[in-house]
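Student: Quick one: the structure is below, and I'll ask about it shortly.
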Amino acid sequence: MAAYYARRAAEYERIYARPERQADLRAIEAALPAEFSGRRVLELACGTGWWTPHAARDARHWLATDLNPETLAIARQKTLPAYVQVARADAYDLKTLPPGEFDAAFAGFWWSHVPLQRLPDWLAMLHARLQPGARVVFIDNRYVAGSSTPIHRRDEAGNTYQLRHLDDGSTHEVLKNFADREDALTLLGPRATGVRWVAHAHYWVLAYDLL
Ligand SMILES: C[S@@+](CC[C@H](N)C(=O)[O-])C[C@H]1O[C@@H](n2cnc3c(N)ncnc32)[C@H](O)[C@@H]1O
C-alpha cells in the first residue's frame, strides 16, 4: 500500500477532480474547519496534503504526517499557515511522531486501508496518543457503482481489494474496505462519545470525542 502511494503521488490529486464528487467535497471542506477550531491536531496519512489547508484553517497547531517522502514533498509545496508542520511518520508506529500533545486527530482515506483485523488495536493506539476530550475525525469513501473502482476480491477476514492502474503502466492490488456506520461505530471502543456519522453521496465523515 505504501509503495503504491509513493508511485501514485504525482497523479494522486486527480481523484479530487471527479465531477460527480465535487458537491460532496465542497460540503466536507466547508464543515471541517469547525471540527478543529483552536485545537492541536495530528493528521495521519496526509498524503499530498489535499485536505490540510481546508481542515487546518482554524486550528491552533497542525502536524501533517505521512510515511512517504514522495507525497510529503507535494504537501510541502502547498501554501499552509505557519502553525502547520509537515513530518514523516508511520501511522502504525506513533513513536515515530515528533513529540507533542494533541487534542484532535484527522485522517482522510486511511481507515479504508487498515486491515479489518488491525482496526481495533490501531484505534486504541491512536486514542492512547491523544488527550482526554480530543476530537477525532475520519473521512472515507462509500462504494458507488460506476464511480468506485470495482472490488476484485475479498479475503477470509472480510477485507476487500481493488486492482488499480497507474500512469507508468503498473497494476497494484490495494486493500480498500468500505465501512458502513454500524461497522465503524462498533470498532470505536469505550472512550468514544458524541459520535456523529454523516453520509454524503460518495463519502462518509465520522467524528467523535474521547472521554
Ligand atoms: C488514500 S491516501 C490518503 C491521502 C490523504 N489523506 C488524502 O485524503 O488525500 C493514503 C495515504 O497513506 C499513506 N500511507 C501508507 N502507509 C502509511 C503508513 N504506514 N503510515 C503513514 N502513512 C501511510 C500513503 O503514503 C498515502 O499518502
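Just so you know, the sequence shown maps onto residues 167 to 377 in this note's numbering. Backbone N, C-alpha and C fix where the C-beta goes; we use that ideal spot for every residue, glycine too. As the structure is a computational prediction, the values presented were derived from the model and not from experiment.
If contacts are defined as beta-carbon pairs under 8 Å, then Tyr182 and His338 qualify, I think. What distance do you get, rounded to the angstrom?
Tutor: The residue labelled residue 182 in the question sits at position 16 within the sequence shown. The residue labelled residue 338 in the question sits at position 172 within the sequence shown. That pair is no contact at about 20 Å.
Student: Are the region 315 to 333 and the region 254 to 269 touching, with three or more C-beta to C-beta distances below 8 Å?
Tutor: No contact exists between the region 315 to 333 and the region 254 to 269.
Student: Do Ala248 and Thr214 have their CB atoms nearer than 9 Å?
Tutor: As a working mapping, residue 248 is identified with position 82 in the sequence shown. As a working mapping, residue 214 is identified with position 48 in the sequence shown. No. Outside cutoff.
Student: Bridge partners of Asp256, per DSSP?
Tutor: Numbered from 1 along the sequence shown, position 90 holds the residue referred to as residue 256. For Asp256, which the question treats as bridged, DSSP gives the partners Asp259.
Student: Is it the case that the Cβ atoms of Asp232 and Ala211 are separated by a distance below 9 Å?
Tutor: The sequence position of residue 232 within the sequence shown is 66, counting from 1. The sequence position of residue 211 within the sequence shown is 45, counting from 1. Result yes, Cβ atoms of Asp232 and Ala211 sit closer than 9 Å.
Student: Looking only at C-alpha atoms, which of Val252, Ser313, Leu229 and Leu246 sits nearest to Leu238?
Tutor: Position 72 of the sequence shown holds residue 238. If we check each option's Cα against that of Leu238, Val252 comes out closest.
Student: Would you say the beta carbon of Asn343 is closer than 8 Å to some non-hydrogen atom of ligand 1?
Tutor: Taking the sequence shown and counting its residues from 1, one reaches residue 343 at position 177. Outside the cutoff, so no.
Student: So which of Glu267, Ala273 and Ala311 has the shortest CA-CA distance to Ala294?
Tutor: Numbered from 1 along the sequence shown, position 128 holds the residue referred to as residue 294. The option with the nearest alpha carbon to Ala294 is Glu267.
Student: May I ask whether a heavy atom of ligand 1 can be found less than 8 Å away from the beta carbon of Ala211?
Tutor: Numbered from 1 along the sequence shown, position 45 holds the residue referred to as residue 211. Correct: Ala211 has its Cβ closer than 8 Å to ligand 1.
Student: Taking 8 Å as the threshold, find out whether the region 353 to 371 comes into contact with the region 187 to 201 through three or more Cβ pairs.
Tutor: Judged by Cβ distances under 8 Å, the region 353 to 371 makes contact with the region 187 to 201, as three or more pairs qualify.
Student: Could you tell me whether any non-hydrogen atom of ligand 1 is closer than 8 Å to the CB of Ala271?
Tutor: Within the sequence shown, residue 271 is the residue found at index 105, counting from 1. Outside the cutoff, so no.
Student: Check Ala323 in the structure and name its three-state DSSP category.
Tutor: Position 157 of the sequence shown, counting from 1, holds the residue named residue 323. Residue state, collapsed to three classes: coil.
Student: Report the three-state DSSP secondary structure of Tyr369 (helix, strand or coil).
Tutor: Along the sequence shown, read from residue 1 onward, the residue named residue 369 stands at position 203. The answer is strand: DSSP assigns Tyr369 an E or B state.
Student: Just to confirm, is the Cβ distance from Phe275 to Asp306 under 9 Å?
Tutor: Taking the first residue of the sequence shown as position 1, residue 275 is located at position 109. Taking the first residue of the sequence shown as position 1, residue 306 is located at position 140. A contact, by the Cβ cut-off of 9 Å.
Student: Looking at ligand 1, does it come within less than 8 Å of Ile305, judged from the CB to the closest heavy atom?
Tutor: Stepping through the sequence shown from its first residue, residue 305 is reached at position 139. Yes - ligand 1 has a heavy atom lying nearer than 8 Å to the Cβ of Ile305.
Student: Would you tell me roughly how many angstroms separate the C-alpha atoms of Ala358 and Leu377, rounded to the nearest one?
Tutor: As a first step, residue 358 must be located in the sequence shown, where it is residue number 192. As a first step, residue 377 must be located in the sequence shown, where it is residue number 211. Roughly 6 Å separates the two Cα atoms.
Student: On the DSSP bridge assignment, give the partners of Ala358 in chain order.
Tutor: Mapped onto the sequence shown, residue 358 falls at position 192. The partner list for Ala358 (beta bridge, DSSP) reads Leu376.
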